[in-house]
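Going by our numbering, the letters in the sequence shown line up with residues -17 to 1199, in that order.
Even for Gly, the Cβ is constructed at its ideal location relative to N, Cα and C.
All of these numbers come straight from a predicted model, not from anything done at the bench.
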Amino acid sequence: MSISDPRTSAEQLNKEHRVPLIEKSVPQSLASNVKVGKKRKKAETEGVEGLPPSSEDNAGCLSGLLFSYVGRYWWRTRNAAEDKDFLEQPSRRITAHYAANRLEKAWAENGSFNRHFLVGVWHCTKFSVMLHAMTLCLEEVARVAQPLLLRELMSYYDRKIYHEFPFQMAVIVAALLSLLSFATVFIHHPYFHGLLKVGNDTRVGTGVLLYKKTLRLSLTSLSETYSGQLIQLLNTDAAKHELAEKMDARLKVMSEVITGINVIKMHLWEEAFAKKINQLREKEMIAVKRSAHCSAIVMGMYFVSSKIGLFAYILQCLYYNEKITTESVFTVNAQPRVTWILDDNRPEEPKISLTGLTSVWHDAIEKTTQKKAKRAQDDNTNTSVNVIFAVRDLSIEFVDGNCYGIIGPVGSGKSSLLLTILCEAQITKGSLETRGSIAYCSQEPWIFTGSVRDNILFGNDYDEERYKKSIELCMLNHDLKHMEKGDETIVGDNGSTLSGGQRARIALARAVYADADIYLLDDPLSAVDSYVGRQLYENLIRGFLSAKLVILVTHQVHFLNTVNTVILMKDHSIVGSGHLDELQYNFPEDFANIQSHLPPDDEDLYDKETTSSAVSSPHKAPEISSEILIEQTKSDEEPFEPSKDEEMPAAVPNTESRKRGTISLWVYWQYTREVFKPVTYGLALTICVVVTQLLTNFLDWVLNKWLVGLDELKSLNGTDSSAYLSTVSVFGLKYTVSLITYQKTFIWCTIIMSGALTFFGIVSLVMVVRPIVFVACGPITFGFYICRKFYVARSRELKRIESAARSPLNTLITSTIYGLPIIRAYRKEKEMIEKFCVLHDIYMAAYNMGSLSARWFGICIDFLVSVFVSIVSFVVVVQYESLTVGEVGLCLVCSVQLSGFFSWIMRQSAELENGMVSVERVLEYTVLKSEESMRRPHEPYLDDDLGQSWPAKGDIEFDNVSVKYGETKVLKNVTCVILGGQKVGVVGRTGAGKSTLIKILFGLKDYCDGHIFIDGIDLDHVSLKFRRGGMSIIPQEPVLFSGTVRENLDPYNQYEDATIWAALEQCDLKKAISREKGLQAQLGNHGVSLSVGQRQLFCLARAMIHRSKVLVIDEATANVDGNTDAIIQKTIWKCFERSTIITVAHRLHTIMNSDRIMVFEKGALVEFDKPIVLLNEPTSLFAKMAAQTGPVNFESLRQAANHYALEDNISYTDEHD
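What follows is the structure in structure tokens.
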């Protein structure tokens, strides 16, 4: 494929400043203040614009060691109100650009790209890791030295060697013990934070590189790697992966449920999907419980590690008959516990995470690895294709300045051909070459979260004239004028706030604004009504783009009379090409199937010399002057004036609410009530925790008394102490086993009630050294309170901001996966990477500040604990006369063990409140009002009285029904009666109220005035579940879920296989399904293995199985060819002959066989009559809409309506002759 490009290359354009793609997708207050897409000279070091510089990067050596800059940050933000006021730039090392470039450079230098993921990480971080490992060794040396100094200090109390250990030496040892306590504080926290930065640096870098990898993945790989897995791997919080497989499965289903919630509700499938999610959650909880049990055992081992060491020491002394001294016992007891066990991350978690990263990195097929595909720039504009893959034995050349039409039945390979031109399909034979820039409109329009303007500009520079021209050509003036913020209105993910026609036209406007050389349009006209489709084709495709190379896939064959070449495809091969007339002549059978049930070609629309001769019927179209049509659409098509101020903040979408202040007691109460069910269970847990702590301290006290008694016993009578030692050893063994059991079972409760751990430790000290230490406890405790108060207040807000900032990051990942072909077609990979980096930096700004706050809080707490240790050390020296050696050992051991552990406990108590933020958010969802509770007041439901046979007839009556969105009425006083078994068509311009009519029927939207009756029963007296169960729908956008064919058709497993196969056969899907694994065949993520037309047939099969008396069809044939359209129409008429059918249509020919036509305009039902009556009335709005399709089409529509009227023994021909 080859195309010349006389303009600047896309790669050069990408280097220039671009308007942000998804600028407003961050939390609300950040969106309006942080400029995301501004040009930055040093993007890799500047982080997020609008935030103050990083205090960490600007801190001096001493400030960095003591984390005092965090304290200044806390003071500066004490009165912060906005999200941005809590944040500052993340450290340069963990900004997305810097971390990714650093990791990528290390990998490139060491050639580790094709090796295990860990190899590349090691080459990048080995020096930092070794440096911090040396620091860790210093800390451990200091910790090990403390028990040795403790032993020396206890020797001071041994009367036998008192003369060898003077008071001055005891003071020196106490000072050294205090100094080491402070040293561990100022070594541990900088080392820990440094190592954490290494981890964050690696995770951020790998996240960016993995996102870059995602942008290069082939569509085949994406069908196997769903967004939930990538979100897990890309998310900064995804360091723990022990539950990855089961969690991914649940998140995948949850994502699909959220995306297809309307379909789920209308089909009454909530219970089926809730059951499926609960089953996945139960499997996940098995893994969670297994992990919790392991954590409990590990934590229990931590608590008893020193006691196990003591027990081993006593056994050794017994075995070798060695003397046991008080100093030795307390020295062993004071040895540091296995501190790494405190970390809740188990060794297998990073292994699983790295395995997942390595799998995605190496196993997923990159698009760039596909050979024989080339996109280049030169002076010749043409396209040549000679490939074998999804399209077989295809050889064709597309030339600049021509328009090509591609037609064929559903699943014939039309979209595959466009994807091949985009180099998205793997080529196994032949070659492909494209030259020039490409603009691509997919069959399912891709709209990302952002403003309408952002979606149209798509990162290109703003040119007002070109922008206004794009809006005008795509007929968006009317839509933008009726949006609250115009083109600055934020649209939800995938355009959730837009109609199908609006999404299609915005995608077209994006293509027009791109000013590309090649335009690949995959059936963009199917989502719009006939008038808009005609205008788009005439003014845009065959008008504005006439000098471009345009390849148009369409099922509306009547548009293709003026294209240069029409390509007919069948079974993924080209069966013919040429002018439309040639195809009709050479392939009459194939062409007849495609053209079936479509209006004839409107040749007269383009042959100005034969406009009258083409009409063979004596019945002429109503005389509708062009002035009337112009007047009708004048107000709608007035040029929209975009905002002149490019810096004007856009309208921000509904963001997740974020509470402020402390967690309410109600949240704690609700959590406690759920955890401690039943009450006796909770009481038992509490008692066990308290008894465990009492037992721990009691046994330390018993150990002290036993050692003192042992010394006295030996000095008095010299009795052999082996019997006592044996007894104590057995008691110690039982103690150890019991403590492990307690910790294994109740460790989570121990963390929640962490105050008990430190309380009893301090009580032990106060009981021994009494008044002086007790006096010191007051100021220290007050210091604990002040530090905790400041930390909790800041960390809670940062946690909330972090949670809010994570959502747009995950949304971008999901949006990128669905829009990959479009992103790559427009060559916007760099802009998307920049967007990802900016959002990631915002997230890391909150995450890093939370981490720094935890370090500052820890260093403050440990400093206070070190002060406490110093006081105890000097007090025991001063109170020499009143203390025994055992009491001294007990005091010093408890105080040394408090160091570090106390700060951990205080952080855990603070993290408890931070963790309650998640509970608070969950509880917010639990108190959401149900659909039933939000309905307007009604009397008791009549579900039981009606029975399962309701509705029996399908009569529908709208009695003065009105619907409001906010203060605006979108349906106004709709009144009509539809008799049971009637077929009713619904037409109207975009925004006329057609979709709202469907929503109120299914209860997705409540009406403010009037009543709706089905079979004479007011729907106010019928529950939503019962109402939806009596109707079926075929939606405009087919939604399929991952799983088997049966699960997509019959999730409740209510019907026999024969019934499902019969429905598939009637929908012409049996052959396609039989080729796979039958009803157990997997459809893939969102039915990716099927074409859009086949997905639409699946939706028809759902309705076929249900066989309701009321069927709603929301433009179900928009994405299918004429033959498939005929199958759908024939199947519906045969299987729903006695059912009431309401069809919302853009193609007027699909509703000409209706009994009645409902015409909506600006929310009002302006016409309701038979099609032939409306067509023969010159002033009818429906007749005007038909006339806008052209004289030939109008006549065809009238003939079809008249034919149906004749079949129904109601002819109006003579009446209007």
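Beta-carbon separation (whole angstroms), residue i vs residue j, contact threshold 8 Å
{"i": "Val473", "j": "Leu480", "result": "6 Å"}
{"i": "Ile549", "j": "Ile420", "result": "Actually they do not touch by this definition, with Cβ atoms about 18 Å apart."}
{"i": "Ile1042", "j": "Leu1061", "result": "6 Å"}
{"i": "Gly393", "j": "Ser1073", "result": "5 Å"}
{"i": "Thr1122", "j": "Gly936", "result": "3 Å"}
{"i": "Ser37", "j": "Arg54", "result": "7 Å"}
Status (buried if at least 16 other CB within 10 Å, exposed otherwise) for residue i
{"i": "Cys873", "result": "buried"}
{"i": "His79", "result": "buried"}
{"i": "Val126", "result": "exposed"}
{"i": "Phe1164", "result": "buried"}
{"i": "Val943", "result": "buried"}
{"i": "Ser912", "result": "exposed"}
{"i": "His540", "result": "buried"}
{"i": "Gly418", "result": "buried"}
{"i": "Phe728", "result": "With a pLDDT of 35 at Phe728, under the threshold of 50, the predicted position of this residue should be treated as unreliable, and no value is reported."}
{"i": "Lys1059", "result": "exposed"}
Straight-line gap, residue i to residue j (C-alpha atoms, nearest Å)
{"i": "Ile938", "j": "Met898", "result": "50 Å"}
{"i": "Gln538", "j": "Ala407", "result": "26 Å"}
{"i": "Val494", "j": "Ser452", "result": "6 Å"}
{"i": "Pro148", "j": "Leu130", "result": "18 Å"}
{"i": "Ile500", "j": "Phe1008", "result": "51 Å"}
{"i": "Ala1187", "j": "Tyr519", "result": "32 Å"}
{"i": "Gly187", "j": "Phe764", "result": "42 Å"}
{"i": "His1185", "j": "Ile1133", "result": "13 Å"}
{"i": "Asp382", "j": "Gly560", "result": "17 Å"}
{"i": "Met116", "j": "Val52", "result": "25 Å"}
{"i": "Arg263", "j": "Lys228", "result": "8 Å"}
{"i": "Glu1097", "j": "Lys258", "result": "30 Å"}
{"i": "Arg1120", "j": "Leu250", "result": "23 Å"}
{"i": "Ala269", "j": "Gly962", "result": "54 Å"}
{"i": "Arg1180", "j": "Leu1157", "result": "7 Å"}
{"i": "Ala1063", "j": "Glu1029", "result": "10 Å"}
{"i": "Ser915", "j": "Leu821", "result": "38 Å"}
{"i": "Ser797", "j": "Leu233", "result": "16 Å"}
{"i": "Thr196", "j": "Leu562", "result": "41 Å"}
{"i": "Met283", "j": "Phe49", "result": "32 Å"}
{"i": "Glu121", "j": "Val235", "result": "47 Å"}
{"i": "Glu447", "j": "Gly1145", "result": "33 Å"}
Short Cβ contact (8 Å threshold) for residue i with residue j
{"i": "Ile805", "j": "Tyr193", "result": "no"}
{"i": "Gly967", "j": "Met1140", "result": "yes"}
{"i": "Cys385", "j": "Arg524", "result": "yes"}
{"i": "Val280", "j": "Leu292", "result": "no"}
{"i": "Glu70", "j": "Met888", "result": "no"}
{"i": "Thr994", "j": "Ile980", "result": "According to the sequence displayed, residue 994 carries Ile and not Thr. No, the Cβ-Cβ distance between Ile994 and Ile980 is not below 8 Å."}
{"i": "Arg1089", "j": "Cys1117", "result": "yes"}
{"i": "Ala486", "j": "Pro427", "result": "yes"}
{"i": "Val180", "j": "Thr107", "result": "yes"}
{"i": "Gly477", "j": "Lys810", "result": "no"}
{"i": "Val1092", "j": "Ile996", "result": "yes"}
Distance cut-off 7 Å: residue i Cβ against heavy atoms of the ligand ADP
{"i": "Val820", "result": "This structure lacks the ligand ADP; in fact it carries no ligand of any kind."}
Touching or not, the stretch 990 to 1008 and the stretch 1071 to 1083, by the rule of three or more beta carbon pairs under 8 Å? no
With a cut-off of 8 Å, do at least 3 Cβ pairs link the stretch 783 to 796 to the stretch 845 to 854? no
Across the stretch 491 to 506 and the stretch 526 to 543, are there enough close Cβ pairs to call them in contact, namely three or more that are closer than 8 Å? yes
For the structure I just gave you, are there three or more beta carbon pairs, one from the stretch 973 to 985 and one from the stretch 945 to 959, closer than 8 Å? yes
Counting pairs of beta carbons, one from the stretch 822 to 841 and one from the stretch 169 to 179, are three or more of them closer than 8 Å? yes
Is there contact here, the stretch 149 to 158 with the stretch 72 to 87, by at least three beta-carbon pairs under 8 Å? no
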